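>
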Amino acid sequence: MFAQGLTLVISSINRKLFRDFWYLRGQAFAIALVIAGGLASLVMSVSTLESLQLSQTSFYQRARFADVFASIKRAPDSLEARLRNLPGVNQLETRIVAPVRLRVAGFEQPISGKMISLPDSGHPLLNDLELFQGRTIRSDAPNEVVISEAFAEAHSLSPGDELSAIIDGRINSFTIVGTAVSPEYIVQTQPGTMIPDYQRYGIIWVNRRLLASAYGMSGAFNDLAMTLTPEANPKVIINLLDNALKPYGAFGAYDREDQISHQFLSSELDQLSVMATLLPTIFLGVAAFLFNIVISRIIALQREQIATLKAFGYGNYEIAWHYIKLVLMISTIGIAIGLLSGAYMGRGLSHLYSEYYRLPFLTYRLEWWLVAVAVIVSVTAA
Numbered sequence: 244m245f246a247q248g249l250t251l252v253i254s255s256i257n258r259k260l261f262r263d264f265w266y267l268r269g270q271a272f273a274i275a276l277v278i279a280g281g282l283a284s285l286v287m288s289v290s291t292l293e294s295l296q297l298s299q300t301s302f303y304q305r306a307r308f309a310d311v312f313a314s315i316k317r318a319p320d321s322l323e324a325r326l327r328n329l330p331g332v333n334q335l336e337t338r339i340v341a342p343v344r345l346r347v348a349g350f351e352q353p354i355s356g357k358m359i360s361l362p363d364s365g366h367p368l369l370n371d372l373e374l375f376q377g378r379t380i381r382s383d384a385p386n387e388v389v390i391s392e393a394f395a396e397a398h399s400l401s402p403g404d405e406l407s408a409i410i411d412g413r414i415n416s417f418t419i420v421g422t423a424v425s426p427e428y429i430v431q432t433q434p435g436t437m438i439p440d441y442q443r444y445g446i447i448w449v450n451r452r453l454l455a456s457a458y459g460m461s462g463a464f465n466d467l468a469m470t471l472t473p474e475a476n477p478k479v480i481i482n483l484l485d486n487a488l489k490p491y492g493a494f495g496a497y498d499r500e501d502q503i504s505h506q507f508l509s510s511e512l513d514q515l516s517v518m519a520t521l522l523p524t525i526f527l528g529v530a531a532f533l534f535n536i537v538i539s540r541i542i543a544l545q546r547e548q549i550a551t552l553k554a555f556g557y558g559n560y561e562i563a564w565h566y567i568k569l570v571l572m573i574s575t576i577g578i579a580i581g582l583l584s585g586a587y588m589g590r591g592l593s594h595l596y597s598e599y600y601r602l603p604f605l606t607y608r609l610e611w612w613l614v615a616v617a618v619i620v621s622v623t624a625a
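Each residue of the sequence shown is one higher than the one before, starting from 244 at the first, in this note's numbering.
#1: Could you tell me the distance, in whole angstroms, from the CA atom of Thr524 to the CA atom of Arg258?
#2: Cutting at 7 angstroms between CB atoms, please list the residues of its own chain near Asp485, excluding the five before and the five after it.
#3: For Pro319, which beta-bridge partners are listed by DSSP?
#4: Grab me the residues of Met572's own chain with a C-beta within less than 8 angstroms of its C-beta, minus the 5 sequence neighbours each way, in chain order.
#5: Relative to the C-alpha of Arg601, which residue among Leu295, Ala348, Ile274 is closest?
#6: Inspect the beta-carbon positions of Asn415 and Ala408 and report whether they are closer than 7 angstroms.
#7: Between which two residues does the beta strand (DSSP E) holding Ile358 run?
#8: Hey, how far is the Cα of Arg344 from the Cα of Ser288?
#9: Helix, strand or coil for Gln304? Go by DSSP, reduced to three states.
#10: Thinking Pro385 and Asn450 are a contact (beta carbons under 8 angstroms), I'd like their distance in whole angstroms, please.
#11: Quick check on the DSSP output: the alpha helix (DSSP H) that includes Arg540 runs from which residue to which?
#12: Return helix, strand or coil for Gly631, following the three-state DSSP convention.
#13: Should Met358 go down as buried or exposed, given a rule of 16 or more other Cβ atoms within 10 Å for buried?
#14: What beta strand (DSSP E) runs, 3 residues minimum, are completely inside the stretch 389–442?
#15: Hey, how far is the Cα of Arg499 from the Cα of Gly589?
#16: Opposite Trp448 in the DSSP bridges: which residues?
#17: Please list, in chain order, all residues of the same chain as Ala397 whose beta carbon is under 7 angstroms from its beta carbon, the five residues on each side excluded.
#18: If the criterion is Cβ atoms closer than 7 angstroms, does the pair Ile447 and Ile390 meet it?
#19: At which residues does the beta strand (DSSP E) containing Pro477 begin and terminate?
#20: With respect to the beta strand (DSSP E) encompassing Leu345, which residues constitute its N-terminal and C-terminal limits?
#21: Grab the span of the alpha helix (DSSP H) containing Glu561 for me, first residue to last.
#22: Going by the beta-carbon positions, is the gap between Asp371 and Leu471 smaller than 7 angstroms?
#23: On the criterion of 16 or more Cβ atoms from any shown chain inside 10 Å, does Glu598 qualify as buried, or is it exposed?
#24: Classify Leu374 as helix, strand or coil using the three-state DSSP reduction.
Pasting the structure below:
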């Protein structure tokens with residue numbers, strides 16, 4: 244008899260739980276949406292941030308992104324051996340870089356660009372190219388070029404198309420054989436501007452011998468990149484490099500942290516990190532405030548029912564657990580909506596970043612630990 248009575252009482256309490264939830268359905272759904280908003284922003288921003296950071300790291304490693312960069316007016320190739328022997332230098336590559344005016348059929352506005360030399364292999368030792376279309380240049384075809392993928396897309400260019408460049412006052416015609424992205428130019432901005440304009444500024448990779456002949460740089464270079472050993476101090480290396488290049492019109496060496504494309508991408512990741520902290524805090528703080536108001540109100544209105552439950556032998560713990568379950572029911576709805584919408588928006592945001600930055604290897608990933616953290620944070624706020 245006691246067991247049957249206890250079962251009946253427990254069943255009644257559970258029915259009361261669903262009645263309370265139904266009575267609060269409007270407020271409960273509103274609170275659940277607030278929780279979902281906080282959870283979705285957390286999952287979206289953190290999962291996208293993780294995916295971008297993983298893609299950035301993978302691309303940098305695969306393409307051997309340089310640690311230090313330097314530009315000069317003109318230095319002989321014989322200087323390269325001396326620079327390689329600087330303490331802390333791991334790999335070093337010299338090249339020729341030159342500004343250029345470009346012409347694209349059907350586009351009448353002026354286009355600026357930067358031509359960067361490639362070795363005969365078609366792949367630089369550092370800051371390698373990740374091809375999106377076509378192939379790299381051949382050493383026996385000096386008029387072949389690879390262009391940046393963003394510039395190609397902005398002008399609907401593809402391998403086989405022609406591109407004109409004004410070099411030393413003369414118009415030169417080139418054949419596009421590939422489109423690519425380099426870790427050095429994930430974001431390509433024209434000097435003196437902060438906003439990328441892919442229609443009016445492009446990066447062109449071309450045979451070194453052709454570029455050297457056109458700009459009087461045979462047997463010389465005007466730009467270099469290097470990677471450092473793990474124990475090297477970048478500031479010390481930069482000072483040594485500046486001193487070595489000073490007689491050749493050095494413009495000042497700088498490390499990866501000051502490289503424009505890396506700065507731009509890192510700034511974007513920092514903004515995502517701030518969003519991952521700020522928005523969820525606001526949403527979940529509001530949810531906690533609303534929970535406090537609603538539960539306090541319902542407890543005040545149900546004092547007689549609470550007294551009846553105590554008369555049936557229930558203590559404060561059992562009654563408190565009843566209202567905690569009500570909170571958990573509302574939270575569960577918010578968590579479910581938040582996780583699904585956060586994953587959906589995160590995948591969409593990652594796709595947008597992939598299109599904008601042309602990052603290779605960008606695959607959206609929703610880690611299990613993020614789901615666990617999101618659930619714990621939401622329940623704690625509730």
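Here a beta-carbon is modelled for each residue, glycine too, at the ideal position from N, C-alpha and C. From a predicted model like this one, the values you see are computed outputs, not experimental measurements.
Answer, in terms of the structure:
#1: As a position in the sequence shown, residue 524 is number 281, starting the count at 1. As a position in the sequence shown, residue 258 is number 15, starting the count at 1. Roughly 34 angstroms separates the two Cα atoms.
#2: For the purposes of this step, residue 485 is identified with residue 242 of the sequence shown, where counting begins at 1. Hits under 7 angstroms: Ala493, Gly495, Ala496.
#3: As a working note, residue 319 is residue 76 in the sequence shown. Bridge partners of Pro319: Ala463.
#4: Along the sequence shown, one-based indexing puts residue 572 at 329. These residues qualify, in order along the chain: Leu260, Phe264, Ala271.
#5: Residue 601 sits at position 358 when you count from the first residue of the sequence shown. It is Leu295 whose Cα lies nearest to the Cα of Arg601.
#6: For the purposes of this step, residue 415 is taken as the residue at position 172 of the sequence shown. For the purposes of this step, residue 408 is taken as the residue at position 165 of the sequence shown. It is a contact, given that the beta carbons lie within the stated cut-off.
#7: In the sequence shown, the residue the question calls residue 358 occupies position 115. Rather than Ile, the amino acid found at residue 358 in this sequence is Met. Its beta strand (DSSP E) spans residues 350–361.
#8: On the sequence shown, position 101 is the one that residue 344 refers to. On the sequence shown, position 45 is the one that residue 288 refers to. Within the model, the alpha-carbon separation for Arg344 versus Ser288 is close to 40 angstroms.
#9: For the purposes of this step, residue 304 is taken as the residue at position 61 of the sequence shown. Note: Gln304 maps to helix in three-state DSSP.
#10: Taking the first residue of the sequence shown as position 1, residue 385 is located at position 142. Taking the first residue of the sequence shown as position 1, residue 450 is located at position 207. So it is a contact: roughly 5 angstroms between Cβ atoms.
#11: Locating residue 540 in the sequence shown gives position 297, where the first residue counts as 1. Start and end: 503–544.
#12: In the structure displayed, the chain extends from 244 to 625; residue 631 sits before or after that span and is not available.
#13: Taking the first residue of the sequence shown as 1, we reach residue 358 at position 115. Buried is the call here.
#14: Within the stretch 389–442, the complete beta strand (DSSP E) runs of at least 3 residues are 405–410, 413–424.
#15: Here residue 499 corresponds to residue number 256 of the sequence shown, with the count starting at 1. Here residue 589 corresponds to residue number 346 of the sequence shown, with the count starting at 1. So the alpha carbons of these two residues sit roughly 28 angstroms apart.
#16: For the purposes of this step, residue 448 is taken as residue 205 along the sequence shown, with counting starting at 1. Bridge partners of Trp448 according to DSSP: Ile359, Val389.
#17: The sequence position of residue 397 within the sequence shown is 154, counting from 1. Here the set comprises Tyr441, Gln442.
#18: Sequence index remark: in the sequence shown, residue 447 carries index 204 (1-based). Sequence index remark: in the sequence shown, residue 390 carries index 147 (1-based). Yes, the Cβ-Cβ distance between Ile447 and Ile390 is below 7 angstroms.
#19: As a first step, residue 477 must be located in the sequence shown, where it is residue number 234. First-last for Pro477: 477–488, but that is the alpha helix (DSSP H), not the beta strand (DSSP E).
#20: As a first step, residue 345 must be located in the sequence shown, where it is residue number 102. Where Leu345 is concerned, the enclosing beta strand (DSSP E) stretches over 340–347.
#21: Here residue 561 is taken as the residue at index 318 of the sequence shown, counted from 1. Secondary structure note for Glu561: its alpha helix (DSSP H) is the uninterrupted segment 559–600.
#22: The sequence position of residue 371 within the sequence shown is 128, counting from 1. The sequence position of residue 471 within the sequence shown is 228, counting from 1. Against a cut-off of 7 angstroms, the Cβ pair of Leu471 and Asp371 comes out as no contact.
#23: Reading the sequence shown from its first residue, position 355 is the one you call residue 598. By the neighbour-count criterion, in which 16 or more other beta carbons inside 10 Å mark a residue as buried, Glu598 falls on the exposed side.
#24: Here residue 374 refers to the residue found at position 131 of the sequence shown. Looking at Leu374 - three-state DSSP - the assignment turns out to be strand.
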